[in-house]
Amino acid sequence: MNRHQLRQLISDGEGVRLEFKRRFTSPEKIAKELCAFANTQGGYLLFGVDDDGSIVGVDSEKEQIELVQRAADFFIEPPLSVRVEVVEIEWKDVVVVIVEPSPERPHAVVEHDRRSNRRGVVYVRSRAESVQASREMVRLMREQRPDAPPLQLFIG
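Read in order, the letters of the sequence shown are residues 744 to 899 in the numbering used here.
Below, the structure written as structure tokens:
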């Protein structure tokens, strides 16, 4: 992605396929956004952009990229493949995370409860935010997977 494309993307504003983040400090929070994009239409997660679209840049693009990779590899089940680019704009670095819609959906954010049991929460994009998917949405995603068993009709 070049500067012109990034400026155009930012001017579109946040929505179902675009999220701005000043910065993130935990892979769990990043995982929620990545998961939601993968389970919906895909999208872009921009680090170093404020909610109003102003460019603030990131302190360490390397650290931000490592957090994204950790989130995609260890906090999402099944693990998610994302593309990460760094674009310099207004003398500041913006980390652009590109998430494709996933054929392996539903992806879930792996969380740990108080008894240290793993459980997954599935997120989707709704307008400009990531929200927990309903059971019905999760069921429909599973049925649409390429490896889902074929639908069988019994007429009797």
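Just so you know, even glycine gets a beta-carbon here, dropped at the ideal spot from N, CA and C.
What is the rounded straight-line gap between the Cα of residue i and the Cα of residue j?
i: L738; j: S769; result: Not covered by the structure: residue 738. The range shown for the chain is 744 to 899.
i: I917; j: I798; result: No answer is possible for residue 917: the residues shown for the chain start at 744 and end at 899.
i: A871; j: P846; result: 22 Å
i: D836; j: G785; result: 23 Å
i: F780; j: R746; result: 23 Å
i: D755; j: M884; result: 28 Å
i: F818; j: K805; result: 19 Å
i: D816; j: I773; result: 11 Å
i: I753; j: L823; result: 24 Å
Go to residue i, then tell me how far its alpha helix (DSSP H) extends in each direction, as first and last residue.
i: L749; result: 746-755
i: I808; result: 804-817
i: L777; result: 770-782
Just to confirm my understanding: we take residue i, look at its own chain, exclude 5 residues before and 5 after, and list those with CB closer than 8 Å. What are they?
i: P821; result: E847, H850
i: E854; result: E771, R861, R862, G863, V864
Looking at the unbroken beta strand (DSSP E) that takes in residue i, where does it start and where does it end?
i: Q875; result: 872-875
i: D836; result: 835-842
i: A847; result: Note that residue 847 is Glu in the sequence shown here, rather than Ala. First-last for E847: undefined, no H or E at that position.
Which residue wins for smallest C-alpha separation from residue i, given the options the options?
i: S803; options: F767, A774, D794, A815; result: F767
i: R876; options: R888, V852, E806, D890; result: The sequence shown places Ala at residue 876, not Arg. Looking at the Cα atoms, V852 is the closest of the given residues.
i: T783; options: E843, E886, E809; result: E843
i: L749; options: Q887, M880, V830, E879; result: V830
i: G796; options: E762, V881, R882, R888; result: E762
Among residues of its own chain, excluding the 5 on either side of residue i, which ones have a beta-carbon nearer than 7 Å to its beta-carbon?
i: E874; result: Reading off the sequence shown, one finds Val at residue 874, where the question assumed Glu. Here the set comprises Y866, V867.
i: K775; result: V852, Y866, S873
Excluding five sequence neighbours on each side, which residues of the same chain lie with their C-beta closer than 6 Å to the C-beta of residue i?
i: R765; result: D793, V799
i: V840; result: L788, V811, V825, V827
i: Q807; result: F790, V801, V838
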